[in-house]
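With the numbering used here as the guide, the letters of the sequence shown map in order to residues 41 to 102. Note that CB positions come from ideal geometry on N, CA and C, so glycine has one too. All figures in this text were calculated on a predicted structure; none of them were measured in a lab.
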Amino acid sequence: MICVVEYGKHIGTLRNLFSDKQQALAFAQRIIALSEEEYRCVGPHQWYCQEKNEFVKIEAIN
41 MICVVEYGKH
51 IGTLRNLFSD
61 KQQALAFAQR
71 IIALSEEEYR
81 CVGPHQWYCQ
91 EKNEFVKIEA
101 IN
């Protein structure tokens, strides 16, 4: 399983599970595209929005 994790001061931690990495990546890209603020890549499959102080990352779950 693959998890897209969103976390920040105002949203807490949100986890969305997917069966493969492509689905998770498409979901993360939709989150970033729909945001009114800019996210920048801070690592492999990790993005940060300074204006909102929020992170989005993709991680594997064992």
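State the Cα-Cα distance for the pair residue i and residue j, rounded to the nearest angstrom.
| i | j | result |
| --- | --- | --- |
| His85 | Glu91 | 19 Å |
| His50 | Met41 | 27 Å |
| Gly48 | Lys61 | 23 Å |
| Cys89 | Ser75 | 9 Å |
| Cys43 | Glu94 | 16 Å |
Got a sec, what are the start and stop residues for the beta strand (DSSP E) residue i sits in?
| i | result |
| --- | --- |
| Ile31 | In the structure as shown, the chain begins at 41 and stops at 102. Residue 31 is therefore absent and cannot be evaluated. |
In terms of DSSP beta bridges, what is residue i paired with?
| i | result |
| --- | --- |
| Ile42 | Phe58 and Ala100 |
| Gln90 | Per DSSP, none; premise fails for Gln90. |
| Val80 | A small correction: the amino acid at residue 80 is Arg; Val does not occupy that position in the sequence shown. Partner(s): Tyr88. |
Can you tell me whether residue i is buried or exposed, with buried defined as 16 or more other CB within 10 angstroms of its CB?
| i | result |
| --- | --- |
| Val96 | buried |
| Ile98 | buried |
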